[in-house]
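**Q**
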Amino acid sequence: MDASSNAKVQPGKIVTRIDEIDTTIEVRFSDPVDPVMLSQFLSLGEVAADQLDQLAEVGHTLKNAQRCVTTADKSALDALAQQLTHSALKIGAPKLLSSAIEIQGLARIGDFRTAAELLGRMEVELVEVRAHYS
Numbered sequence: 001m002d003a004s005s006n007a008k009v010q011p012g013k014i015v016t017r018i019d020e021i022d023t024t025i026e027v028r029f030s031d032p033v034d035p036v037m038l039s040q041f042l043s044l045g046e047v048a049a050d051q052l053d054q055l056a057e058v059g060h061t062l063k064n065a066q067r068c069v070t071t072a073d074k075s076a077l078d079a080l081a082q083q084l085t086h087s088a089l090k091i092g093a094p095k096l097l098s099s100a101i102e103i104q105g106l107a108r109i110g111d112f113r114t115a116a117e118l119l120g121r122m123e124v125e126l127v128e129v130r131a132h133y134s
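Start counting the sequence shown at 1; every next residue gets the next number (our numbering).
(1) If you reduce the DSSP assignment to three classes, tell me which class S5 lands in.
(2) Measuring straight from C-alpha to C-alpha, what distance separates C68 and V36?
(3) Please check the pair L126 and L96, which I expect to be a contact at CB under 8 Å, by giving their CB distance rounded to whole angstroms.
(4) Relative to the C-alpha of I18, which candidate in T24, V33 and A72 has its C-alpha closest?
(5) For L55 versus E123, is the C-beta distance shorter than 9 Å?
(6) Going by C-alpha distance, which of S134, S75, Q104 and Y133 is nearest H86?
(7) With respect to the alpha helix (DSSP H) encompassing I18, which residues constitute its N-terminal and C-terminal limits?
(8) Consult DSSP for A72 and reduce its assignment to one of helix, strand or coil.
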């Protein structure tokens with residue numbers, strides 16, 4: 001597979017009360033799930049009943065986080081980012097984990113523009129993780 005077929009463009013935008021934020025990104029696919037990270041988490045005994053349910057929860061939480069960006073709700077975005085952090089651990093997704101931690105910091109300082117861009121990237125990362133589990 002050459003490099004050009006290993007990249008996809010994910011268009012997107014989030015409309016806030018102030019302006020429209022372009023969240024279009026180019027994605028280069030790699031393994032979205034770290035098997036070592038996942039096995040370490042599973043060895044702790046906190047096994048998710050169903051990985052697909054966990055993935056659906058992440059998608060729902062991402063949508064709620066995007067709503068928080070449009071309403072500029074720092075505390076709700078911070079709480080949702082914490083949920084995303086836990087969910088990313090449960091499915092062994094290091095990119096989602098890193099992004100969720102970054103969203104938490106952005107929520108605390110009120111950087112909603114960067115948070116919106118990162119949430120768009122997280123949607124693409126979630127698609128990659130779903131593909132891994134299907």
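Think of the CB as a built atom: it goes at the ideal place given N, C-alpha and C, for glycine as much as any other residue.
**A** To lay it out plainly:
(1) Low per-residue confidence applies at S5: pLDDT is 49, beneath 50, and the placement is therefore not dependable enough to give any value.
(2) 33 Å
(3) 7 Å
(4) A72
(5) no
(6) Q104
(7) First-last for I18: undefined, no H or E at that position.
(8) coil
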